[in-house]
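Asks:
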Amino acid sequence: MNNTISEGDTAALTILLNHNMTVDKESIMDTLEAPERALVITPHADDAEGGCGGTVARWIKEGTQVFYVLCTDGGKGTSDPELLPDQLASIREKEQANAATLLGVVEDVVFLRHPDGELEDSRLFRGQLVKAIRQFRPNIVLTTEPHRFAAHQHRDHRMAGQVALDACFPYARDPHHFGEHLKEGLNPHKVETILFWGAETPQVFFDITDTIDLKITALKQHASQIEGRRADRFVRERAERIGSLAGVLYAEGFRRIDFRR
Ligand SMILES: [Zn+2]
220 MNNTISEGDT AALTILLNHN MTVDKESIMD TLEAPERALV ITPHADDAEG GCGGTVARWI
280 KEGTQVFYVL CTDGGKGTSD PELLPDQLAS IREKEQANAA TLLGVVEDVV FLRHPDGELE
340 DSRLFRGQLV KAIRQFRPNI VLTTEPHRFA AHQHRDHRMA GQVALDACFP YARDPHHFGE
400 HLKEGLNPHK VETILFWGAE TPQVFFDITD TIDLKITALK QHASQIEGRR ADRFVRERAE
460 RIGSLAGVLY AEGFRRIDFR R
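Our numbering puts the first residue of the sequence shown at 220, with every later residue one more than the last.
1. Cβ of Pro-206 versus every heavy atom of ligand 1: is any distance shorter than 6 Å?
2. Based on Cα-Cα distance, which residue from Pro-300, Ala-319, Thr-274 and Thr-261 lies nearest to Asp-292?
3. How about His-333: is its Cβ closer than 6 Å to a heavy atom in ligand 1?
4. I need the DSSP call for Ile-260, collapsed to helix, strand or coil.
5. To test your reading of the DSSP string, which unbroken alpha helix (DSSP H) runs of 4 or more residues are found completely within the region 288-376?
6. Near Glu-245, which residues of its chain fall below 6 Å by C-beta distance, leaving aside the five closest residues on each side in sequence?
7. What does a CB cutoff of less than 8 Å around Gly-417 pick up in its chain, not counting 5 residues either side in sequence?
8. Closest to Asn-358 by CA distance: which of Glu-411, Gly-296 and Glu-314 is it?
9. Assess contact between the region 376-385 and the region 398-406, defined as three or more Cβ pairs (one per stretch) separated by less than 8 Å. Is contact present?
10. Candidates Ala-458, Arg-479 and Ile-476: which alpha carbon is nearest Ala-470's?
11. Consult DSSP for Arg-479 and reduce its assignment to one of helix, strand or coil.
12. Which one of Gly-323, Ala-267 and Ala-253 has the shortest CA to CA distance from Leu-361?
13. How big is the Cα-Cα spacing for Ala-308 and Ala-316?
14. Is there contact between the region 447-461 and the region 318-336, where contact requires at least three CB pairs shorter than 8 Å?
15. Alpha carbon to alpha carbon, how far is Cys-387 from Ala-437? Give it in angstroms, no decimals.
16. Just list the beta strand (DSSP E) runs in the region 411-480, keeping only unbroken ones of 3 residues or longer that don't cross its boundaries, in chain order.
17. Could you tell me the boundaries of the alpha helix (DSSP H) in which Leu-401 lies?
18. Pull up the distance between the alpha-carbon of Asp-299 and that of His-263, whole angstroms please.
19. Candidates Val-288, Glu-255, Glu-312 and Val-259: which alpha carbon is nearest Val-444's?
20. Just mark Gln-306 as buried or exposed, buried being the case when its beta carbon has 16 or more other beta carbons within 10 Å.
21. How about Cys-290: is its C-beta nearer than 7 Å to some C-beta of chain C?
22. Quick check: Lys-434 and Gly-447, are their CB atoms within less than 7 Å of each other?
23. Pick out whichever of Ile-461, Leu-251, Asp-393 and Arg-460 has its Cα sitting closest to the Cα of Arg-353.
24. Could you tell me if the beta carbon of Asp-266 falls within a distance shorter than 6 Å of some heavy atom in ligand 1?
25. Tell me the residue span of the alpha helix (DSSP H) that contains Asp-266.
26. DSSP has Val-285 in a bridge; who is on the other side?
27. Do Ala-253 and Thr-283 come within 7 Å of each other at the CB atom, strictly closer than that value?
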């Protein structure tokens with residue numbers, strides 16, 4: 220239990236907020252330490268750095284092993300009709316690999332290469348995420364919020380978040396779901412917690428004051444998508460806004476589902 224908020228706090232900062240998004244120090248209910256292993260499931264290249272890059276960088280500095288799964292090839296992420304999807308997909312894979320390396324992700328990014336805009340809640344996709352969970356055995360999975368109501372969001376984000384949630388529970392946990400994994404030496408695995416970035420009502424906040432520069436540098440690797448100076452300003456303004464809710468300079472916020480409860 221942590222009863223104070225301070226900039227010098229080196230433990231991961233976790234605050235449960237009330238619904239009107241104001242900070243009530245009495246509402247601090249829990250702490251979430253840097254996990255041993257975390258798995259990032261991102262619909263497109265660049266989503267993860269924007270959503271959880273500061274938290275991931277912080278955890279890696281604290282010893283967490285972080286793994287990345289990129290769901291789509293990102294081949295349609297352009298307004299240039301002359302840039303073909305295959306060409307863009309190849310560029311975006313390299314950008315994602317560079318960003319992950321900068322953050323300190325050690326293992327190669329897993330590229331599922333679903334066509335951009337065509338993620339489906341299918342057995343194929345679910346099985347791929349279940350397999351990644353059984354392979355990397357994360358305590359925490361981070362992915363994109365599937366349920367946003369105030370503004371429209373990309374269909375791939377809805378699909379990735381929902382299928383990642385289902386993959387965690389119950390599919391990765393129970394041996395007869397995708398039982399073929401057992402023959403490949405992959406045992407069932409219980410994820411403890413899933414964190415959704417991009418939530419309209421975040422519940423859990425991490426202080427990223429020490430890692431925001433690294434987050435921005437990682438985000439800038441996605442040069443095909445993001446203009447550098449704009450990324451810098453946007454990320455700082457957003458992190459500052461979230462940080463003001465959490466009582467720190469810069470923060471990232473997440474909705475949380477704990478499977479242990
Ligand atoms: Zn996206």
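Note that the Cβ used here is the ideal one computed from N, Cα and C, for glycine as well.
Replies: Short version:
1. There is no way to answer for residue 206, as the model of the chain reaches only from 220 to 480.
2. Comparing alpha carbon positions, the residue from Pro-300, Ala-319, Thr-274 and Thr-261 closest to Asp-292 is Thr-261.
3. Short note on His-333: C-beta not closer than 6 Å to any heavy atom of ligand 1.
4. Strand, per DSSP.
5. Here the runs fully enclosed are 304-322 and 342-355.
6. For Glu-245, the pLDDT reaches just 36, beneath the cut-off of 50, and the residue's location in the model is therefore unreliable, although a value from the coordinates is still provided. Cβ neighbours of Glu-245 beyond the five flanking positions: none.
7. Taking C-beta separations shorter than 8 Å and ignoring five residues to either side along the sequence, the partners of Gly-417 in its chain run Gly-270, Thr-363, Glu-364, Arg-367, Gln-372 and His-376, following chain order.
8. Of the candidates Glu-411, Gly-296 and Glu-314, the one whose C-alpha sits nearest the C-alpha of Asn-358 is Glu-411.
9. With a cut-off of 8 Å, the region 398-406 and the region 376-385 do not count as touching, because too few Cβ pairs lie within range.
10. Comparing Cα positions, the closest option is Ala-458.
11. Correct three-state label for Arg-479: coil.
12. Of Gly-323, Ala-267 and Ala-253, the residue nearest in Cα terms is Ala-267.
13. Cα to Cα, the separation comes out at about 12 Å.
14. Segments in contact, no.
15. Going from the Cα of Ala-437 to the Cα of Cys-387 covers about 27 Å.
16. Secondary structure remark: continuous beta strand (DSSP E) runs of at least 3 residues inside the region 411-480, in chain order: 412-416, 423-426 and 470-477.
17. For Leu-401, the uninterrupted alpha helix (DSSP H) run begins and ends at 399-402, by DSSP.
18. If you take the alpha carbons of Asp-299 and His-263, they lie about 18 Å apart.
19. Note that residue 444 is Gln in the sequence shown, not Val. That would be Glu-312, whose Cα lies nearest to the Cα of Gln-444.
20. Exposed: under 16 other Cβ atoms inside 10 Å.
21. Of the protein chains in this structure there is only one, and it is not chain C.
22. No.
23. Closest in C-alpha terms to Arg-353, from the list Ile-461, Leu-251, Asp-393 and Arg-460, comes Asp-393.
24. Look at Asp-266: its beta carbon is less than 6 Å from one of the heavy atoms in ligand 1.
25. Counting along the chain, Asp-266 sits inside the alpha helix (DSSP H) bounded by residues 266-280.
26. Answer is Ala-257, bridged to Val-285.
27. The criterion of a C-beta distance shorter than 7 Å is satisfied by Thr-283 and Ala-253.
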